[in-house]
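Peer 1: Keeping their order, the protein sequence lines are chains A and B.
In terms of this note's numbering, the first sequence is residues 31 to 247.
In terms of this note's numbering, the second sequence is residues 31 to 247.
Quick one: this structure, given as structure tokens, is what I'll be asking you about.
Number of protein chains: 2
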Amino acid sequence: MQSLSTENYLKAIYHAAQFREGTVATTSIANKIGAKPSSVTDMFKKLADHNLVEYEKYKGVTLTTDGVKKALHIIRKHRLWESFLVSHLNFSWDEVHQVAEQLEHIQSEKLTNELDRFLDYPTHDPHGDPIPNRALFMKTHNKILLLDLPLNKEGVCVGVKDNSSDFLRYLDRRQIGIGTPILILHREEYDQSLHIQAGNSTLMITEKTAENIYVKP
Amino acid sequence: MQSLSTENYLKAIYHAAQFREGTVATTSIANKIGAKPSSVTDMFKKLADHNLVEYEKYKGVTLTTDGVKKALHIIRKHRLWESFLVSHLNFSWDEVHQVAEQLEHIQSEKLTNELDRFLDYPTHDPHGDPIPNRALFMKTHNKILLLDLPLNKEGVCVGVKDNSSDFLRYLDRRQIGIGTPILILHREEYDQSLHIQAGNSTLMITEKTAENIYVKP
DNA sequence: TATAAAATTTAGATTAGCCTAAATTATGTA
DNA sequence: TACATAATTTAGGCTAATCTAAATTTTATA
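Structure below.
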């Protein structure tokens, strides 16, 4: 029991569970997957039958230990492939997601582990997200939103919250990427915009941008 | 219209058509795909609706130009991935097929072409089969079966006809692989077995083995 | 060339994953 | 706390890809 659809649900539930405590609601998964709530209910039942989630009618789901393992395994593959695409196949960080969504479903332990070795056991993908290792353990940075970085304290960009192509390309244009040192020079009270120093240039960004960039202080 | 199943049928029809002239029969595809003939008939109709094959009831199918293109594109991906698995991920030639069967369905022109570039535009896969280039053109060796190699004339192993794991591992044990120089020293009339020189060692092989190895004289 | 055997197709059913519409349950607010 | 609204589930269908069993066509042979 590991269809493409099943795997996508497990991943979606895992990601949804990161956001908030407690159970994951039908509608939130429906939105992520792009399916109707009734379809999600069907799948919740099926996942519960296979002991991948705990499901109580009208109460949503939580992943079981098995469910978490499967989800992490898919995330591991997704992020390894993203790393490969960027490091060896000239993909940019805004292009990798769609292809990795396909590659993450390839079933071969040897492939996954050899890819990991070939990439020299990377700990983070091109967006700064942690890659579960073979034991499915991942190192998490203690990162904060750029918005919460104290004035004049240097941080380094270690990730993004919004992974959309639009946002990533916007960051490319502003020459902000993983590893870029960032300093907040001034907060404009009027419209919450920020004057920052990013790498060698000073520039202005909106509050919305600042709450989608992670930095390590 | 390009489901996983559709792609597998196109590939199977392409390969079946290599073997013999004329149309490809329902049963031959049923055997390759591992489906019942009635299912194959259904798919033949669907492929015909999409102008990927010419289909006449009770007469089998032939691929259209479009069908050939799609088949070659899948074969291109399959063989590029096999090459990658062997050259960079420590797979042996008997392990790659099953994984490449999955990878060949990944849809991304950029991925395929960048993989091609990364591998430095290989012309043949680990089994010696030609890889269609971006324009879907492939270089074919003028190879013959080892069985048909004249006595005491050196040939070089350039491919295999039987791609089964069992046969490939058998060749590994006999230290025969792509590039191995081979000479027929003696043909035993009694049981058609052959004494050959392969690389540095002399050994005996059966007729069956000799008709599954391709050599270039 | 009749006719038996083999190949192929048709008819009707099944399953997974989705849908819509209607019914049910939970939630938030007056 | 009652009740409107939102969330969720149920019931019943749909499609793609498969199947079995029966009918039809082709082929091979006596």
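Glycine included, each C-beta is placed from N, C-alpha and C at the ideal position.
#1: With a threshold of 16 other CB atoms inside 10 Å of the CB of A:Phe167, please say whether the residue is buried or exposed.
#2: Report the partner residues of A:Gly189 according to the DSSP bridge assignment.
#3: DSSP on B:Thr56, reduced to helix/strand/coil?
#4: What residue does the beta strand (DSSP E) around B:Leu224 start on, and which one ends it?
#5: Assuming the contact rule is C-beta atoms closer than 8 Å, B:Gly189 and B:Gly209 should be a hit. Round their C-beta distance to whole Å, please.
#6: Can A:Lys246 and A:Lys173 be called in contact, C-beta distance under 8 Å?
#7: Which runs of the beta strand (DSSP E) fall wholly inside the region 153 to 221 of chain B and span at least 3 residues, in chain order?
#8: Under 8 Å between beta-carbons, which chain B residues line up against A:His127? List them in chain order, please.
#9: Please tell me whether B:Phe197 has its Cβ less than 8 Å away from any Cβ of chain A.
#10: Distance cutoff 8 Å, beta carbons only. Does B:Ser138 sit that close to anything in chain A?
#11: Can you find a C-beta in chain B that's less than 8 Å from the C-beta of A:Gln222?
#12: Counting pairs of Cβ atoms below 8 Å between the region 34 to 49 of chain B and the region 209 to 222 of chain A, do you hit three or more?
#13: Against chain B, which members of the region 143 to 167 of chain A pass a CB distance test of less than 7 Å?
#14: Closest Cβ-Cβ distance between B:Leu119 and chain A: below 8 Å?
#15: Counting only C-beta atoms, is B:Leu141 closer than 8 Å to chain A at any point?
#16: Quick check on A:Ala165: buried or exposed, where buried means 16 or more other Cβ atoms within 10 Å of its Cβ?
#17: Please classify A:Phe74 as buried or exposed, where buried requires at least 16 neighbouring CB atoms within 10 angstroms.
#18: Look at the alpha carbon of A:His135 and the alpha carbon of A:Leu82, and state the distance between them as a whole number of angstroms.
#19: Within 8 Å of any Cβ in chain A, is that where the Cβ of B:Gln132 sits?
#20: From the DSSP output, in three-state form, read off A:Glu134 for me.
#21: Cβ of B:Leu119 within 7 Å of any heavy atom in the ligand ATP?
#22: In the DSSP output, what is A:Ile235 paired with across the bridge?
#23: For the region 192 to 206 of chain A against the region 119 to 137 of chain A, do three or more pairs of beta-carbon atoms, one drawn from each stretch, fall closer than 8 Å, so that the two count as touching?
#24: Enumerate, from N- to C-terminal direction, the unbroken alpha helix (DSSP H) stretches of 4 or more residues contained entirely within the region 40 to 124 of chain A.
#25: Classify B:Tyr88 as buried or exposed, calling it buried when 16 or more other Cβ atoms lie within 10 Å of its own Cβ.
#26: For a quick check, are the C-beta atoms of A:Ala240 and A:Leu177 less than 8 Å apart?
#27: Let me know if B:Glu112 comes out buried or exposed under the rule of 16 or more other beta-carbons within 10 Å of its beta-carbon.
#28: With a threshold of 7 Å on Cβ separation, who are the neighbours of B:Asp155 within its own chain once the five nearest residues in sequence on each side are excluded?
#29: If you draw a straight line from the alpha carbon of B:Ala78 to that of B:Gly207, how long is it in whole angstroms?
#30: How many whole angstroms separate the CB atoms of A:Gln137 and B:Gln32, which I take to be in contact at a CB cut-off of 8 Å?
Peer 2: Result, derived from the coordinates:
#1: Indexing the first sequence from 1 puts residue 167 of chain A at position 137. Counting Cβ neighbours within 10 Å, A:Phe167 comes out exposed, since fewer than 16 surround it.
#2: Counted from its first residue, the first sequence places residue 189 of chain A at position 159. Answer is A:Tyr244.
#3: Here residue 56 of chain B corresponds to residue number 26 of the second sequence, with the count starting at 1. B:Thr56 falls in the helix class under three-state DSSP.
#4: To locate residue 224 of chain B, count along the second sequence from 1; it is residue 194. According to the DSSP assignment, B:Leu224 belongs to the beta strand (DSSP E) that extends over 224 to 228.
#5: The count along the second sequence starts at 1 and reaches residue 189 of chain B at position 159. The count along the second sequence starts at 1 and reaches residue 209 of chain B at position 179. The distance from the Cβ of B:Gly189 to that of B:Gly209 is about 11 Å, inconsistent with a contact at the 8 Å cut-off.
#6: For the purposes of this step, residue 246 of chain A is taken as residue 216 along the first sequence, with counting starting at 1. For the purposes of this step, residue 173 of chain A is taken as residue 143 along the first sequence, with counting starting at 1. A:Lys173 sits close to A:Lys246, with the two beta carbons spaced by under 8 Å.
#7: Those beta strand (DSSP E) runs which fall completely within the region 153 to 221 of chain B and span 3+ residues are 185 to 190, 211 to 217.
#8: As a position in the first sequence, residue 127 of chain A is number 97, starting the count at 1. By Cβ distance, chain B contributes nothing, its closest Cβ being about 11 Å from A:His127, past 8 Å.
#9: Locating residue 197 of chain B in the second sequence gives position 167, where the first residue counts as 1. B:Phe197 does not count as touching chain A.
#10: The sequence position of residue 138 of chain B within the second sequence is 108, counting from 1. True, the Cβ-Cβ gap to chain A drops below 8 Å.
#11: Reading the first sequence from its first residue, position 192 is the one you call residue 222 of chain A. Closer than 8 Å: no.
#12: No contact exists between the region 34 to 49 of chain B and the region 209 to 222 of chain A.
#13: Glu144, Leu145, Phe148: these are the residues of the region 143 to 167 of chain A whose beta carbon lies less than 7 Å from some beta carbon of chain B, given in chain order.
#14: On the second sequence, position 89 is the one that residue 119 of chain B refers to. For B:Leu119, a Cβ of chain A is located within less than 8 Å of the residue's own Cβ.
#15: Within the second sequence, residue 141 of chain B is the residue found at index 111, counting from 1. Yes, B:Leu141 lies at the interface with chain A (some Cβ there is under 8 Å from its Cβ).
#16: Counting from one through the first sequence, the residue named residue 165 of chain A turns up at place 135. Burial call: exposed.
#17: Along the first sequence, read from residue 1 onward, the residue named residue 74 of chain A stands at position 44. Classification for A:Phe74: buried.
#18: Along the first sequence, one-based indexing puts residue 135 of chain A at 105. Along the first sequence, one-based indexing puts residue 82 of chain A at 52. Rounded to whole angstroms, A:His135 and A:Leu82 show a C-alpha spacing of 17 Å.
#19: For the purposes of this step, residue 132 of chain B is taken as the residue at position 102 of the second sequence. Taking Cβ atoms only, chain A reaches closer than 8 Å to B:Gln132, which makes this a yes.
#20: One-based indexing of the first sequence puts residue 134 of chain A at position 104. In the structure shown, A:Glu134 sits in coil (DSSP, three-state: anything other than H, G, I, E or B).
#21: In the structure on display, the ligand ATP does not appear, and there are no ligands present to speak of.
#22: The sequence position of residue 235 of chain A within the first sequence is 205, counting from 1. Partner(s): A:Leu224.
#23: In this structure the region 192 to 206 of chain A touches the region 119 to 137 of chain A; the number of beta carbon pairs closer than 8 Å is three or more.
#24: With a minimum length of 4 residues, the continuous alpha helix (DSSP H) runs that stay inside the region 40 to 124 of chain A are 56 to 63, 67 to 79, 95 to 118.
#25: By 1-based counting over the second sequence, the position of residue 88 of chain B is 58. Exposed, because fewer than 16 other Cβ atoms sit within 10 Å of the Cβ of B:Tyr88.
#26: For the purposes of this step, residue 240 of chain A is taken as residue 210 along the first sequence, with counting starting at 1. For the purposes of this step, residue 177 of chain A is taken as residue 147 along the first sequence, with counting starting at 1. Yes.
#27: For the purposes of this step, residue 112 of chain B is identified with residue 82 of the second sequence, where counting begins at 1. Buried, since its Cβ has 16 or more Cβ neighbours within 10 Å.
#28: As a first step, residue 155 of chain B must be located in the second sequence, where it is residue number 125. Once the five neighbours on either side are set aside, the close Cβ partners of B:Asp155 are Arg109, Glu112, Ser113, Ile161.
#29: Position 48 of the second sequence, counted from the first residue, corresponds to residue 78 of chain B. Position 177 of the second sequence, counted from the first residue, corresponds to residue 207 of chain B. Distance between B:Ala78 and B:Gly207, taken at the CA atoms: about 40 Å.
#30: Locating residue 137 of chain A in the first sequence gives position 107, where the first residue counts as 1. Locating residue 32 of chain B in the second sequence gives position 2, where the first residue counts as 1. In fact, because the Cβ distance is near 21 Å, the residues do not count as touching under 8 Å.
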